[in-house]
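Each number in the working numbering corresponds to the 1-based position in the sequence shown with 25 added.
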Amino acid sequence: MSKTLLRIPVGLRRAFDVVAIVALMLTSYAARRGSLPFDGLWFDDSWVAAGAIHGRLTSLVTDGSGTPGFTGLLMIVHRFGGGQLRDLGIPSLVAGVVAPSLLYVALRRFGYERSIAAIVSAVLVVARVHILYSGRVKGYTFDTVWVLLLLIALPYLARHTWRWQLAVAWTVCSVAIGTFSTYTMVAVAGAAVVLVLHPSSDRLVRVGAVGVQAIAQLVYLAIAEKKADLAGIEKVLGGRTFDAHMNFSWNPITLAQESLTHLRRVAQVFPGGSGGWLTLFGLLAIAGLVAAATTGRRRSQSIAARYLLLLVTIAFVGSFLHVFPFGPTNAMVSAGGRHTLWLIPAMALGLAEVAHRVRLVSASLDTARLAFDAIALATAAAIVFVGYKPAPPAPFPGSQSATRYVETSIRPGDVVIVTSTSTFSFADSATTPVSLVPTPKHQVGFAPVFRDPRIHIIGGWAVTPGTPAEIRSWVRDADRVFVFTSGPLPDSGVQTMAGVLQPQGFRMERHAFEWNTVFVWRRIG
């Protein structure tokens, strides 16, 4: 059969792209729609929300605590939206929903076949870690979106002759994007390197723009490090819980084993799977990136692959230096794989390149290529059908109901003690006025302070930890003491309170609200 008979009309091909984009978006929404918070927030999300609810634009670097760009967006949503905690999950839900369609657009722009773009994007629709963080009050799904947008824009920016207007626009946008997270900061820095290395008779303008970008980002990073203990966060990532850092060894076998272990965890996030397949997927993705970067069919494809390869290299080397995560563990209450979502575009393009080359080898005839594409499209549909599971609800709910119970129950003369891991959960749902006080030595760079003198915070996230002596002074004249605590993390504050209140003749009753508990201690006699 001739090529003419098999050629599909341009209009039909464009129609397929539109249908694919819409289908990916709809199925992605269906897989994520139940993830918004419905009864308060637990610790890992609540501190981000607290910065948006109670923070100020004038102190955004402090109240954003490492993610001021994302916190600023949440401030806008909170102030101009419904003012509900549920609304704060909408931005990450939207980012999660559009990511598969955006990935499809990116792969198509680089010349990958519709069938390959569809199957790779379908995997993202049902990627479990990506689903888990769509609808959470966290910016990790934005990391995926920002890298994809940079990926799409980079070839145009590389080939376009820069004028000062474009240089200013790039500098402003790149610095703003870099404030969303550490990963977006690295992403725009990597993009800047690629842009400087691909001049179009405009090297002076590009170097000037990138130089200003670098200075601005270094200044921002220096300020951010003074506002919160960011190094402490990296130590947590590198500890036993997440194991996000690799240990260098001069033994090549040990070094290879360490590298493959972490690469396998990256592949566990995307494309997913289990066992030896994960390692194979990871190696194939890296091989695909190298192939596309060195022998890409299009200049845009080569530039995109070089950019993504650079990002993987930065994360890989940074992990050995213990300053950047690469392949953290995923079996956690707070999945370490969220720190891998920004590398999904790299894994996707690498695997797309491998699939493209397999298609060329196995389908030298037009009829065989059509058969390959048909099988690939059917596989994409099967991936979504088999891998589809409703999104799990927001984790560890109940803090809003527990807070409401406390606020409606306390009377003059009562005292409320909020324990460490409940600090921000209570502050998010409380109707009493709250101020944020800087805590630059904490991993979260601020702590709430309640203007109601009856409410106190104890534990590591408070302005002061709340010693037994302080607690005794707070409860000296109280008839009732409400102790608010949230799960699932261990909370020593409960034992501390019991040790103070029991000797003073208090007796306790317990009220449970899903994963949250309010202990009401009444003075007897």
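Glycine is no exception: its CB is placed at the ideal position from the N, C-alpha and C atoms.
TODO: Measure the beta-carbon distance from G362 to V469 and round it to whole angstroms, keeping in mind my assumption that it falls under 8 angstroms.
DONE: As a first step, residue 362 must be located in the sequence shown, where it is residue number 337. As a first step, residue 469 must be located in the sequence shown, where it is residue number 444. Actually they are not in contact, since the Cβ atoms of G362 and V469 sit about 22 angstroms apart, beyond 8 angstroms.
TODO: Verify the CB distance criterion: does P296 have a CB-CB separation below 8 angstroms to chain B?
DONE: Checking the listed chains, one finds no chain B in this structure; it contains a single protein chain.
Task: Contact the stretch 239-253 vs the stretch 332-344: 3+ CB pairs below 8 angstroms - done: no
TODO: Have a look at L66, Y208 and V230 and flag the residue whose alpha-carbon is nearest the alpha-carbon of A194.
DONE: The residue labelled residue 194 in the question sits at position 169 within the sequence shown. When only C-alpha atoms are compared, the closest one is V230.
TODO: Specify, as a first and last residue, the run of the alpha helix (DSSP H) that M210 falls within.
DONE: For the purposes of this step, residue 210 is identified with residue 185 of the sequence shown, where counting begins at 1. Taken as a continuous stretch (DSSP letters only), the alpha helix (DSSP H) holding M210 covers T207 to V221.
- [ ] Tell me whether L37 sits in a helix, a strand or coil according to DSSP, three-state version.
- [x] Here residue 37 refers to the residue found at position 12 of the sequence shown. Correct three-state label for L37: helix.
Task: Coarse secondary structure for K28, derived from DSSP in three states - done: For the purposes of this step, residue 28 is taken as the residue at position 3 of the sequence shown. Any reading at K28 must be qualified, since the residue scores a pLDDT of 45, below 50, and its modelled position is unreliable; no value is offered.
- [ ] In angstroms with no decimal places, state the Cα-to-Cα distance between T169 and L461.
- [x] For the purposes of this step, residue 169 is taken as residue 144 along the sequence shown, with counting starting at 1. For the purposes of this step, residue 461 is taken as residue 436 along the sequence shown, with counting starting at 1. Answer to the nearest angstrom: the Cα atoms are 30 angstroms apart.
Open item on the list: Let's test the definition: count the other Cβ atoms within 10 Å of the Cβ of I278 and tell me whether it reaches 16, buried, or not, exposed.
Closed with: The residue labelled residue 278 in the question sits at position 253 within the sequence shown. The residue in question, I278, is exposed, as its Cβ has fewer than 16 Cβ neighbours within 10 Å.
Open item on the list: Rounded to the nearest angstrom, what separates A503 and G438 at their Cα positions?
Closed with: Taking the first residue of the sequence shown as 1, we reach residue 503 at position 478. Taking the first residue of the sequence shown as 1, we reach residue 438 at position 413. Whole-angstrom Cα-Cα distance: 6 angstroms.
Task: Closest residue to A455 among P465, V443, T464 and K466 (Cα-Cα distance) - done: The residue given as residue 455 occupies position 430 in the sequence shown. Comparing Cα-Cα distances from A455 to each of P465, V443, T464 and K466, the minimum goes to V443.
Open item on the list: Does the stretch 411-425 come into contact with the stretch 524-531, if we say contact requires no fewer than three beta-carbon pairs (one atom in each stretch) closer than 8 angstroms?
Closed with: no
TODO: Quick one: using the 10 Å Cβ neighbour count with 16 as the cut-off for buried, is K28 buried or exposed?
DONE: Along the sequence shown, read from residue 1 onward, the residue named residue 28 stands at position 3. With a pLDDT of 45 at K28, under the threshold of 50, the predicted position of this residue should be treated as unreliable, and no value is reported.
Task: Proximity below 8 angstroms, CB of G160 to CB of A360 - done: Within the sequence shown, residue 160 is the residue found at index 135, counting from 1. Within the sequence shown, residue 360 is the residue found at index 335, counting from 1. Against a cut-off of 8 angstroms, the Cβ pair of A360 and G160 comes out as no contact.
Task: Nearest candidate by alpha-carbon position, reference L182, set R228, V162 and L157 - done: As a working mapping, residue 182 is identified with position 157 in the sequence shown. Ranking the options by Cα distance to L182, first place goes to R228.
- [ ] Compute the Euclidean distance between the alpha carbons of M522 and P513, then round it to the nearest angstrom.
- [x] For the purposes of this step, residue 522 is taken as residue 497 along the sequence shown, with counting starting at 1. For the purposes of this step, residue 513 is taken as residue 488 along the sequence shown, with counting starting at 1. When rounded, the distance between both Cα atoms is 18 angstroms.
Open item on the list: On the criterion of 16 or more Cβ atoms from any shown chain inside 10 Å, does L82 qualify as buried, or is it exposed?
Closed with: The residue labelled residue 82 in the question sits at position 57 within the sequence shown. Exposed: under 16 other Cβ atoms inside 10 Å.
Open item on the list: For S511 and F68, which I take to be in contact (beta-carbon distance under 8 angstroms), what is that distance rounded to the nearest angstrom?
Closed with: As a position in the sequence shown, residue 511 is number 486, starting the count at 1. As a position in the sequence shown, residue 68 is number 43, starting the count at 1. About 6 angstroms; that satisfies the 8 angstroms criterion.
TODO: From the DSSP output, in three-state form, read off P296 for me.
DONE: Walking along the sequence shown from the start, residue 296 turns up at place 271. The answer is coil: DSSP assigns P296 none of H, G, I, E or B.
Open item on the list: Here's the rule: buried if 16 or more other CB atoms are within 10 angstroms of the residue's CB, otherwise exposed. What is F583?
Closed with: Lying before the first or after the last residue shown, residue 583 is absent from the chain, which here runs from 26 to 550.
Open item on the list: Need the endpoints of the beta strand (DSSP E) that M533 sits in, please.
Closed with: Within the sequence shown, residue 533 is the residue found at index 508, counting from 1. Run containing M533: F531 to F538, per the beta strand (DSSP E) assignment.
TODO: Return yes when the Cβ of F538 is within less than 8 angstroms of the Cβ of G423, no when it is not.
DONE: Start at 1 with the first residue of the sequence shown, and residue 423 comes out as number 398. Start at 1 with the first residue of the sequence shown, and residue 538 comes out as number 513. Taking 8 angstroms as the Cβ cut-off, G423 and F538 qualify as a contacting pair.
Open item on the list: Mapping the DSSP letters down to three states, classify S450 as helix, strand or coil.
Closed with: As a first step, residue 450 must be located in the sequence shown, where it is residue number 425. Note: S450 maps to helix in three-state DSSP.
- [ ] For W546, name the three-state secondary structure that DSSP assigns.
- [x] Residue numbering aside, residue 546 sits at position 521 when the sequence shown is read from its first letter. If DSSP states are grouped into helix, strand and coil, W546 belongs with the strands.
Open item on the list: So within the stretch 257-343, which uninterrupted beta strand (DSSP E) runs reach at least 3 residues, ignoring any that extend past its ends?
Closed with: Counting only runs of 3 or more, we get nothing.
Task: DSSP state of V145 mapped onto helix, strand, coil - done: On the sequence shown, position 120 is the one that residue 145 refers to. The answer is helix: DSSP assigns V145 an H, G or I state.
Task: M26 versus L395 - alpha carbon distance - done: Translated into the one-based positions of the sequence shown, residue 26 becomes position 1. Translated into the one-based positions of the sequence shown, residue 395 becomes position 370. Because the pLDDT at M26 is just 39, under 50, the model does not fix this residue reliably, and the value given afterwards should be weighed accordingly. Approximately 12 angstroms, taken between the alpha carbons.
Task: Alpha-carbon spacing of T286 relative to T207, whole angstroms - done: As a position in the sequence shown, residue 286 is number 261, starting the count at 1. As a position in the sequence shown, residue 207 is number 182, starting the count at 1. One C-alpha to the other measures close to 23 angstroms.
- [ ] Can you say whether G107 is buried or exposed, counting buried as having 16 or more other CB atoms within 10 angstroms of its CB?
- [x] Here residue 107 refers to the residue found at position 82 when the sequence shown is read from its first residue. Per the 10 Å Cβ criterion, exposed.
TODO: Please work out which residues of its chain come closer than 6 angstroms, Cβ to Cβ, to L127, disregarding the five sequence neighbours upstream and downstream, and give them in chain order.
DONE: Within the sequence shown, the letter at position 102 stands for residue 127. Around L127: L173.
- [ ] Indicate whether the contact test is met: 3 or more Cβ pairs, each with one atom in the stretch 151-165 and one in the stretch 363-373, closer than 8 angstroms.
- [x] Judged by pairs of C-beta atoms under 8 angstroms, the stretch 151-165 touches the stretch 363-373, as three or more such pairs exist.
Open item on the list: With H, G and I counted as helix, E and B as strand and the rest as coil, what does DSSP make of H103?
Closed with: As a working note, residue 103 is residue 78 in the sequence shown. Of the three classes helix, strand and coil, the one that applies to H103 here is helix, per DSSP.
- [ ] Taking I371 and I144 to be in contact with their CB atoms under 8 angstroms, please state how far apart those CB atoms are, rounded to whole angstroms.
- [x] Locating residue 371 in the sequence shown gives position 346, counting from the first residue. Locating residue 144 in the sequence shown gives position 119, counting from the first residue. What sits at residue 371 in the sequence shown is Ala, not Ile. In fact, because the Cβ distance is near 17 angstroms, the residues do not count as touching under 8 angstroms.
TODO: Identify every residue that forms a DSSP beta bridge with V86.
DONE: Numbered from 1 along the sequence shown, position 61 holds the residue referred to as residue 86. Bridge partners of V86: none, in fact.
TODO: Give every residue of the same chain whose Cβ lies closer than 7 angstroms to the Cβ of R479, excluding the five residues on either side of it in the sequence, and list them in chain order.
DONE: Position 454 of the sequence shown, counted from the first residue, corresponds to residue 479. Closer than 7 angstroms at the Cβ level, and outside the excluded window around R479, lie I435, D439, V440 and V441.
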